[in-house]
Amino acid sequence: MTDNGYEPKIVAFLCNWCTFTAADLAGTSRIKYQPNIRIIKVMCSSRVDPVFILKALLDGADGVLIGGCAPGDCHYSKGNFYARRKVALAKTLAQNMGLDTDRIRLSWIPASEGPKFAGVVNEFTEKIKKIGANPAGQEVFI
Amino acid sequence: MDKGIWIDGPVNKGVMKFLKGLLENNAMDAVLMPGKNKTGDSNAWFFLDRDGLDESASPFPPVMTTQGAKMVSYLTKKNGSWKKTGVLLRPCELRAVIELAKLKQVDLTNLVLISYDCPGAFPLKEYLSGNQQELDMAFETSLGTQTDPEGLRNVCSICSNFTGSGADIEIGLIGADSKGFWLIPGTEQGEELLKKTEESNSFKSLESRDKLVEAKSVQRKEKRETTLDSFQQSVNGPENLMTVLSSCINCHNCSRVCPICFCRECYFDSRALNSGADEMLRRADRKQGLRLLPDLLLFHMGRMTHMSISCVSCGACEDACPADIPVSMLFTVAARDTRKIFDYEPGRDIDEALPYSVFNFEELKNFEAPYTRQYSKQ
């Protein structure tokens, strides 16, 4: 299954109402997807402070996936728009300080789209496999 | 405003006379401004009435001991001032006051914000260990001539918002050539107050000043960009960043003195990051060792995500750092890019909403990752 012999670890912050439910649906529909993600459920994607993303990356996570409701469909009506701003900031700062921004991904996955969830996870895992391991994970000094 | 009251004579004396005049005719009840203690060897902030003004006030300190915005917040955080209070601020302090007002940490009721063309400030440590009288003199001269004094702080020498624009009353010094200064109204409140001063009929055109301000601004912006570019080169990547930060002693002084870091409990002081030995050992296992205290880089980068948008580049953090880390330069570099995405400038306008408090439906599409492949139908 591995392309270059290593299994990445991906931290996924999923919103309770859409993306996590989609993950649930993917499970109950018995859709197979890459086992590389570690899911952390949050009540809303806007709960994801940019610090969470940076902490995951600096601690050695190979990728960070943030999943929320599709724009306009947020359970709290506008949380995901704030989430987008926060992710934009985290990515900009990561780039500014020379971290790899490709390791951060923000995706909108509605509750009813289990297959899409599986697709996004597969796609992201493949991409991270291509990029390789996160060097911050090996560095003692960080 | 294209006109201001011209006042002849030395700046220090003139400003004191102007403030005293406002207090005497009851246009203001008190002032919050920098001052010196009786022996004259320390700069601090004072809340003064008419008599106190004579005793302690020293309107233009050559160093920034505590950030003025913090003082204003201290005074008005819980409710607005019921005394009409004039506040004399550096331009960066003024911007921080405006940011804090947006963050509901400052109540602007009854405050009259007064600011001036700032020539910068000396590093606190060098001032305290150096010849203070000499530095005081050097600062006073450069305040009049508006030339950079020698030994300015790094952030000050690349500051491109050096005028007090945005204040109720602006003290114009650029172009005055040590002969005097302008009092320029910035808001209706400021205009009304200026009408109550003695010299209210001596309005003079500001054309010569405006041209010089424009020229200096262009020159400073250029210098700012090139300096920040080269600094960014030197800290790019975790390795270079850690070289700069490695002397950090984790005292969190930088966040304590920061006017924008107002949280009562900081995430980085909380126990959220304080995991047990189990977790620490596992982390150490993963990378054949662990630097202690851990999460040093996270602290600094985390602060950048929390407050870089509102960072006014005042340099208080760098003054407070016991390990001589160029913290304020780091933050200025980070802030340059983070505020660009939201087209935001801290302290520019009180009506400009904080980027985290608003959004547009159609924006920042390049930060979303669209799902590119058609998933299989099952």
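Protein chains in written order, with this note's numbering: chain A, 6 to 147; chain B, 2 to 379.
Built from N, CA and C at the ideal position, the CB exists for glycine as well.
6 Å CB neighbourhood of residue i in its chain, flanking five on each side removed
{"i": "B:LYS224", "result": "ILE159"}
{"i": "B:CYS157", "result": "GLY121 and ALA122"}
{"i": "B:GLN379", "result": "The predicted position of B:GLN379 is uncertain, since its pLDDT is 45 and thus under 50; no value can be drawn from it."}
{"i": "B:LEU355", "result": "LYS103"}
{"i": "B:MET308", "result": "ILE261 and CYS262"}
{"i": "A:TYR87", "result": "SER51"}
{"i": "B:VAL16", "result": "PRO60"}
Host beta strand (DSSP E) of residue i (start-end)
{"i": "B:VAL113", "result": "112-117"}
{"i": "A:LEU111", "result": "109-113"}
{"i": "A:ILE45", "result": "42-47"}
{"i": "A:LEU19", "result": "15-20"}
Reduced DSSP secondary structure (H/G/I, E/B, other) of residue i
{"i": "B:THR86", "result": "strand"}
{"i": "B:SER179", "result": "coil"}
{"i": "A:SER50", "result": "helix"}
{"i": "B:LEU95", "result": "helix"}
{"i": "B:VAL107", "result": "coil"}
{"i": "A:LEU62", "result": "helix"}
{"i": "B:VAL359", "result": "coil"}
{"i": "A:GLY68", "result": "strand"}
{"i": "A:VAL125", "result": "helix"}
{"i": "B:GLY152", "result": "coil"}
{"i": "B:LYS341", "result": "coil"}
{"i": "B:LYS366", "result": "helix"}
{"i": "B:ILE326", "result": "coil"}
{"i": "B:GLY81", "result": "coil"}
{"i": "B:PHE263", "result": "coil"}
{"i": "B:ASN162", "result": "coil"}
{"i": "A:ILE133", "result": "helix"}
{"i": "B:ARG221", "result": "helix"}
{"i": "B:ALA354", "result": "coil"}
{"i": "A:PHE57", "result": "helix"}
{"i": "B:THR333", "result": "helix"}
{"i": "A:TYR38", "result": "coil"}
{"i": "B:SER314", "result": "coil"}
{"i": "A:PHE146", "result": "coil"}
Per DSSP, the bridge partner or partners of residue i
{"i": "B:ALA31", "result": "B:THR86"}
{"i": "B:ASN44", "result": "B:LYS37"}
{"i": "B:PRO186", "result": "B:ILE170"}
{"i": "B:SER206", "result": "B:LYS4"}
{"i": "B:PHE123", "result": "B:VAL64"}
{"i": "A:GLY73", "result": "A:TRP113"}
First through last residue of the alpha helix (DSSP H) which encompasses residue i
{"i": "B:ASP9", "result": "Careful: B:ASP9 lies outside any alpha helix (DSSP H), inside the beta strand (DSSP E) at 4-9."}
{"i": "B:ASN241", "result": "238-246"}
{"i": "B:PHE300", "result": "297-308"}
{"i": "B:SER57", "result": "51-57"}
{"i": "B:CYS255", "result": "254-258"}
{"i": "A:PHE86", "result": "84-101"}
{"i": "B:ASP279", "result": "278-287"}
{"i": "B:LEU144", "result": "133-146"}
{"i": "B:GLU25", "result": "12-25"}
{"i": "A:LEU3", "result": "With chain A covering only 6 through 147, there is no way to say anything about residue 3 of chain A."}
{"i": "B:ASP270", "result": "It is not in any alpha helix (DSSP H) - B:ASP270 carries neither H nor E in the DSSP assignment."}
{"i": "B:ALA321", "result": "317-321"}
Rounded distance between the beta-carbons of residue j and residue i, thought under 8 Å
{"i": "B:ALA70", "j": "B:GLY36", "result": "That belief does not hold up - the Cβ atoms of B:ALA70 and B:GLY36 are roughly 17 Å apart, past 8 Å."}
{"i": "B:GLY167", "j": "B:GLY191", "result": "The pair is not a contact, with the Cβ atoms about 11 Å apart (cut-off 8 Å)."}
{"i": "B:TYR117", "j": "A:GLU128", "result": "Contact doesn't hold; Cβ gap of about 56 Å is too wide."}
{"i": "A:ILE109", "j": "A:VAL92", "result": "7 Å"}
{"i": "A:LYS14", "j": "A:ASP78", "result": "The pair is not a contact, with the Cβ atoms about 29 Å apart (cut-off 8 Å)."}
{"i": "A:LEU19", "j": "A:GLY72", "result": "4 Å"}
{"i": "B:LEU207", "j": "B:TRP183", "result": "6 Å"}
{"i": "B:ILE326", "j": "B:LEU229", "result": "At roughly 16 Å, the Cβ-Cβ gap does not stay under 8 Å, so B:ILE326 and B:LEU229 are not in contact."}
{"i": "A:ARG90", "j": "B:TYR128", "result": "Going by Cβ atoms, the distance from A:ARG90 to B:TYR128 rounds to 40 Å, so no, they are not a contact pair."}
Cutoff 7 Å; reference residue i; Cβ partners in own chain excluding five residues on either side
{"i": "B:THR142", "result": "none"}
{"i": "B:GLU94", "result": "GLN68, GLY69, ALA70 and CYS315"}
{"i": "A:ALA95", "result": "PRO55, ILE58, LEU59 and ILE109"}
{"i": "B:CYS119", "result": "ARG91, PRO92 and PHE163"}
{"i": "A:GLU12", "result": "ASN41"}
{"i": "A:LEU104", "result": "LEU62"}
{"i": "B:CYS322", "result": "ASN254, CYS255 and VAL328"}
{"i": "B:GLY41", "result": "none"}
Cβ-based neighbour list, residue i, same chain, cut-off 8 Å, excluding 5 preceding and 5 following
{"i": "A:LYS37", "result": "ALA123"}
{"i": "B:GLY303", "result": "TYR268 and PHE269"}
beta-carbon residue i near the ligand FAD non-hydrogen atom, thresh 7 Å
{"i": "B:THR306", "result": "Absent from the structure shown: the ligand FAD. Ligands present: none."}
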